[in-house]
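Colleague:
Chains as they are written, first to last, in this note's numbering: chain A, 1 to 292; chain B, 1001 to 1295.
(1) I need the boundaries of the alpha helix (DSSP H) containing residue 347 (chain A), first residue and last residue.
(2) Does residue 1102 (chain B) come within less than 8 Å of chain A when only Cβ atoms are used?
(3) With DSSP run on the structure shown, which of helix, strand or coil describes residue 58 (chain A)?
(4) Which residues in the same chain as residue 95 (chain A) place their Cβ atom closer than 6 Å to its Cβ, once the five residues preceding and following it in sequence are excluded?
(5) Reducing DSSP to helix, strand and coil, say where residue 267 (chain A) ends up.
(6) Just the Cα atoms here: how many angstroms apart are residue 1020 (chain B) and residue 1265 (chain B)?
(7) To which residues of the same chain is residue 1087 (chain B) closer than 7 Å at the C-beta, ignoring the five residues directly before and after it?
(8) Just how far apart, CA to CA, sit residue 86 (chain A) and residue 1186 (chain B)?
(9) Per DSSP, which residues does residue 68 (chain A) bridge with? Please list them.
(10) DSSP on residue 110 (chain A), reduced to helix/strand/coil?
(11) Is the beta carbon of residue 123 (chain A) sitting closer than 8 Å to the one on residue 197 (chain A)?
(12) If we cut at 8 Å on Cβ distances, does residue 115 (chain A) have a partner in chain B?
(13) Quick one: grab the DSSP three-state call for residue 1069 (chain B).
(14) If distances are taken between C-alpha atoms only, which option among A:214, A:132, A:67, A:103 comes closest to residue 1178 (chain B)?
(15) Please determine if the segment 104-120 of chain A and the segment 171-183 of chain A are in contact, where contact requires at least 3 C-beta pairs separated by less than 8 Å.
(16) Quick one: is residue 241 (chain A) near chain B, going by C-beta distance under 8 Å?
(17) Can you tell me which of the three DSSP states residue 242 (chain A) falls into?
(18) Just to confirm my understanding: we take residue 278 (chain A), look at its own chain, exclude 5 residues before and 5 after, and list those with CB closer than 7 Å. What are they?
(19) Decide yes or no for the touch test of the segment 1238-1251 of chain B against the segment 1038-1055 of chain B: beta carbon pairs closer than 8 Å, at least 3 of them.
(20) Quickly, what does DSSP pair residue 97 (chain A) with across the bridge? List them, please.
(21) Using a beta-carbon distance cut-off of less than 7 Å, what residues from the segment 128-157 of chain A approach chain B?
(22) When you measure from the CB of residue 226 (chain A) to every non-hydrogen atom of the ligand GTP, does any distance come out below 7 Å?
(23) Could you list which residues in chain A have their beta carbon closer than 7 Å to that of residue 1208 (chain B), in chain order?
(24) At a CB-CB cut-off below 7 Å, which residues of chain A make contact with residue 1260 (chain B)?
(25) Please identify, using Cβ separations under 7 Å, the residues of the segment 1056-1070 of chain B that lie next to chain A, in order along the chain.
(26) Of all the CB atoms in chain A, is at least one closer than 8 Å to the CB of residue 1181 (chain B)?
(27) Using only alpha-carbon positions, find the residue among B:1110, B:1116, B:1094 that is nearest to residue 1163 (chain B).
(28) Tell me which residues share the same chain as residue 54 (chain A) and place their Cβ nearer than 7 Å to its Cβ, disregarding the 5 neighbours each side in the sequence.
(29) Pick out whichever of B:1123, B:1210, B:1226 has its Cα sitting closest to the Cα of residue 1144 (chain B).
(30) On the three-state DSSP scale, how would you describe residue 1112 (chain B)?
(31) Can you tell me the Cβ-Cβ gap for residue 1203 (chain B) and residue 1286 (chain B), rounded? I've got them flagged as a contact below 8 Å.
(32) Considering residue 206 (chain A), what are the terminal residues of the beta strand (DSSP E) in which it resides?
(33) Go through its chain and collect everything with a Cβ distance to residue 1267 (chain B)'s Cβ below 6 Å, but skip five positions before and after it.
(34) Express the C-alpha separation of residue 1210 (chain B) and residue 104 (chain A) in angstroms, rounding to a whole number.
(35) Taking the beta carbon of residue 1027 (chain B) as the centre, do at least 16 other beta carbons fall within 10 Å, making it buried, or is it exposed?
(36) Count Cβ pairs between the segment 199-210 of chain A and the segment 131-150 of chain A that sit closer than 8 Å; are there 3 or more?
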């Protein structure tokens, strides 16, 4: 690795077309050590119409680490997450203020294509949402195919196998790749959705309470998977479950709701610090279960 | 048994007794309404079969009618072919237009979508004779002659709102989570519709199309001033063309002639059987279109 700073190439999504690809995880290695941070938020506020739901949050997401966002219901965790891949603005009347930088690039600059951002910063949702009319194979292959990421049938099969292996699902589905995506169990469906997101070769993976619809065993499987994935990807996870945050994450941000009913950042630190030695009384109350 | 337990048990008994009576009454009502609904259906079917069956023969389906309404013999081949041609072309026009309308009004939203839906609702409520006059002044007057094309356009106008409403309703049901999934994967919108939303809604859309076809195939009024009808066999859609409802209408008007009356009844039976066949076909296709685990 070189010590001289290496700037990112022109934004990979600038003027991206249907065939455009995102910034591959492998290419992220070209960035020097100062690119330790994948995403930086500077006084980010999010609105639904006139109502502010996230208030001036500034925090940094470390590369190849798992960052957990915890906090009580309604404190804007999911909204904040959705600002990171420009999903928030899809809700009518929703908007974002402040600056979000991805490897130093302003994600909300005028020449940035939000569709390309979503290809580079993947997302997994609370409820598994495989495409109901597609087979297991197609659920993984189709989005990559539509984005021009597969050159041949053989390459497609290879991609499907690789992503399903990465998502720790391959052994369970390799004999029924033609079966419907919705025929799987909830936990398998969620891993299928993770495989589907990985097929686009994202750099960052956003997970919005990915285990809240899963049983404890499926939850454990997804958590193991996350620990594997962080070697290659940067992960941001929103979770209700504090044990989960303490088990899987490297850093934790604790959000709560202010008097204006907007969520704000109370503190962010190494996960171990948050759970054993928090600086703020609010954090301590929350992680020890004394929160109102 | 303590007093309170007695009171409780008394209350439970009385409640359950009155509930049972209500339950019973509702059940009787349900059966009664089923029978009331079935009476006309069974009566019409029996009437049609009893009146029409004696006209049915291979010749009836494969020969054309005699020019004279009062003459016996001949068949309705020209009307069956004309109906299938016009309904087929109407469906080819209406299906893509209706699906595109539904998709765009869903996607664009706001005032445009509201006005599109309003226009479609008005169209759905339009008396079919008005559709006939409209297409007459638009196509027949412009081209200077009656034609199968004009008839097909009129039937397409009849089919359009039925398919738009069905498609719109089904796209509305498309899961928000699936929608978000396609967004988060950076799929372009036309891709999402083509590859995810429409396939998901397909079985319902097919049911809507079959409903529209069943409606259009039996329409008479829009064809009177457009297709006009004739007494000979033609495949030329640019000429006046016969249709089964038109044939029924003209022959039934002259039911003083037994031959005309029988011909009308036989045609009505064939028409109903064709509609029935379309419905069964539609159900079969709709079931096939559904993913295997939801059949």
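Where a beta carbon is used, it is the ideal one built from N, C-alpha and C, also for glycine. Quick caveat, the model's predicted, so the values are computed rather than measured.
Modeller: With the structure as the only source:
(1) With chain A represented from 1 up to 292, any question about residue 347 (chain A) goes unanswered, as that position is not in the structure.
(2) no
(3) strand
(4) 47
(5) strand
(6) 48 Å
(7) 1155, 1213, 1216, 1217
(8) 11 Å
(9) A:237, A:252
(10) coil
(11) yes
(12) yes
(13) coil
(14) A:132
(15) no
(16) no
(17) helix
(18) 267, 284, 287
(19) no
(20) A:45
(21) 129, 131, 132, 133, 142, 143, 146, 147
(22) Absence of the ligand GTP from the depicted structure is noted, as is the absence of any ligand whatsoever, leaving it without description.
(23) Near residue 1208 (chain B) there are no residues of chain A at all, since even the closest Cβ is about 17 Å away, more than 7 Å.
(24) Those within 7 Å of residue 1260 (chain B) in chain A number zero; the least Cβ separation is about 51 Å.
(25) none
(26) yes
(27) B:1094
(28) 44, 45, 46, 76, 79, 80, 262, 263
(29) B:1226
(30) helix
(31) 4 Å
(32) 204-208
(33) 1076, 1244, 1247, 1248
(34) 56 Å
(35) exposed
(36) yes
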